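What follows is a short report on a single structure.
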Amino acid sequence: MDLLVIYFITVNYHSTDLVKQLLKSVYTTIEDYQFLIINNSPEDDSINEVLQLELSATIINTKRNIGFGAACNLGIQQVYSLNPQAIIWLINPDVVLEENADSYVQECLNQEPSIAILGTRVRDLDGNIWFGLGTFNPWTGSLKHELKKEEGYEPQANTINCRWVSGCSLILNLKQFDHCPSFDPHYFLYYEDADLCERYRQKGYRIAVTQSVLVTHAVSAISKRNLSTQFKHATYSKLYFLKQHGTALALWLNLIYMVVLVGWLFRQNRPVAIGRWQGLKNFIDWQISKETYLKSRESGVGSRE
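Just so it is clear: in the sequence shown, position 36 is 23 by our numbering, and no numbers are missing.
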C-alpha cells in the first residue's frame, strides 16, 4: 500500500513546548507529512522557535484568539485549496503519536474508503482509555466517550462506526467531501467535534473510530490553566449543542441540572462554579439576544483539553 502525505493541523495557544513535542513525535513516526500550526496566541512569538527545529512546519497566525473550531477551519481551508483529496489529521498539541499510527490510519481508509471522519482511540498518561467511542442521546443530552469492555469491538475490523469522535485526534478524509468541511465557529471551545460529526452524520457521511489506540493525550494540559474559563466554554457549548441537536426535553433537563450544579459548586469549587454560571448566563443571553454574549467569549483558552 502506497502511503499518502498526511496533513497535520494543530492549534497553538501559548503551548510552544507542547507543539515542539508533538512535532518531534510526528517526525520520528512518519516519513512523509506536512505540519500546519494555527497560532491562536499571536502575541506570543515563542512559537517561532518551532521553525528552528527544521522539521517541515508552517505557521499561520490569527489576528486574535478566534477559538478552536475557527482556527481549525483556517488550516482545513488551506489544505483543501492545495489538495481537495488529502488526508487531514487534526491533533492536539498535548498529544504524542504511537508508532505506526499513520500507516494504521491509511490502512483504515484504504480498506474502508467510505469513512469521511475517522477518530482514534486515545489513552491518557496513566494508560487508561480516555476516548473510546462517542455516543449521544438526544433525549437526555448525554454525550459519552468511555468504552465499556462489552461494547465497541469487532474482531475482524480496524474501525467501528460511532456517533462522534474527539477533536483531540480527528482525521478528515477529504475524498468523501464534495466541499471543504468545516466546524461551526460559534463554538469557541468544546463540543465543536460532536457538532461536526452530528451535522455530517445527518447528511449521510460515515463516522468511525479506530479500534487501536493511536495517540497518548496529556488531558487538559492546556485548558486546565484557567478553570473558570474552561468551564464557561464547556457549559455554554454543551447547551448550544443541545439547542442544535437535542430535544427540548434534553435542553431543559440540562439547564435545570446546570442551575443546581452551580449552587452546589459554590461551596465546593468556586472557580468551577463561576465558570459554569458564566457559561449558563451566556447561553441565556444568547437565547434572548443572539449577539449579547459574543464579546465575552473572546477571552480565554483557544485550544482543546
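For glycine and all other residues, C-beta sits at the position ideal for the given N, C-alpha and C.
The structure displayed is predicted, hence computed values, not measured ones.
Any idea what DSSP makes of residue i, helix, strand or coil?
i: A237; result: helix
i: S300; result: The displayed coordinates of the chain run from -12 to 292. Any statement about residue 300 would go beyond what the structure contains.
i: N35; result: helix
i: H232; result: helix
i: T49; result: coil
i: L23; result: strand
i: V206; result: coil
i: I17; result: coil
i: R193; result: strand
i: L5; result: helix
i: N148; result: strand
i: V249; result: helix
i: N269; result: helix
i: Y227; result: helix
i: Y(-6); result: strand
i: L201; result: strand
Would you decide whether residue i is buried or exposed? Buried here means 16 or more other CB atoms lie within 10 Å of its CB.
i: G62; result: buried
i: Y244; result: exposed
i: T216; result: buried
i: L236; result: exposed
i: A(-2); result: Before going further, note that residue -2 is Val rather than Ala in the sequence given. Buried.
i: E137; result: Confidence at E137 is low in this model, with a pLDDT of 47, below 50, so the placement of that residue should be treated as unreliable; the coordinate-derived value is given next. It is exposed - the Cβ of E137 has fewer than 16 other Cβ atoms within 10 Å.
i: V(-8); result: exposed
i: R188; result: buried
i: S12; result: buried
i: E18; result: exposed
i: R263; result: buried
i: S276; result: exposed
i: W151; result: buried
i: R51; result: exposed
i: S156; result: buried
i: G191; result: exposed
i: S129; result: exposed
i: N124; result: exposed
i: R257; result: exposed
i: R108; result: buried
Chain B beta carbons: is any one of them nearer than 8 Å to that of residue i?
i: I116; result: Structure shown: chain B not included; a single protein chain is present.
Among residues of its own chain, excluding the 5 on either side of residue i, which ones have a beta-carbon nearer than 6 Å to its beta-carbon?
i: A195; result: I102, L105, T146 and N148
i: W76; result: I(-7), F(-5) and I158
i: L112; result: A205
i: F218; result: V259, G262 and R263
i: S28; result: Y0 and H1
i: F14; result: Checking the displayed sequence, the identity of residue 14 turns out to be Tyr instead of Phe. Closer than 6 Å at Cβ, skipping near neighbours: L42.
Excluding five sequence neighbours on each side, which residues of the same chain lie with their C-beta closer than 8 Å to the C-beta of residue i?
i: D226; result: It should be noted that the sequence gives Leu, not Asp, for residue 226. Within the same chain, L226 has close Cβ partners L238, N241, L242, M245, G266, L267 and F270.
i: K10; result: Position check: residue 10 holds Leu in this sequence, whereas Lys was assumed. Cβ neighbours of L10 beyond the five flanking positions: F22, V37, L40, L42 and A44.
i: Y91; result: N145, T197, S199 and L201
Among residues of its own chain, excluding the 5 on either side of residue i, which ones have a beta-carbon nearer than 7 Å to its beta-carbon?
i: T16; result: L84, E86, A88 and D89
i: Y67; result: L161 and C167
**Report entry** Stretch pair the segment 102 to 116 + the segment 146 to 161: three plus CB contacts closer than 8 Å
**Finding:** yes
Query raised in the report: What are the start and end residues of each continuous beta strand (DSSP E) run of 3 or more residues lying completely inside the segment 53 to 132, in chain order?
Result: 74 to 78, 82 to 84, 102 to 111, 116 to 118, 122 to 124 and 129 to 131
Query raised in the report: For the segment 108 to 120 against the segment 165 to 184, are there 3 or more C-beta pairs whose distance is under 8 Å?
Result: no
Query raised in the report: Just checking, does the segment -1 to 6 make contact with the segment 33 to 47 on the three C-beta pairs under 8 Å criterion?
Result: yes
Query raised in the report: Given 8 Å as the limit, is there contact between the segment 221 to 232 and the segment 254 to 270, that is, 3 or more CB pairs closer than that?
Result: yes
Query - Cβ contact (3+ pairs, closer than 8 Å) linking the segment 242 to 254 and the segment 190 to 210 - result: no
Query - the segment 125 to 133 contacting the segment 60 to 75, beta-carbon criterion three pairs below 8 Å - result: no
Requested in this report: Could you say if the segment 81 to 96 and the segment 171 to 180 meet the contact criterion of at least three C-beta pairs nearer than 8 Å?
Outcome: no
**Report entry** Completely contained alpha helix (DSSP H) runs for the segment 164 to 189, where each covers 4 or more residues
**Finding:** 179 to 189
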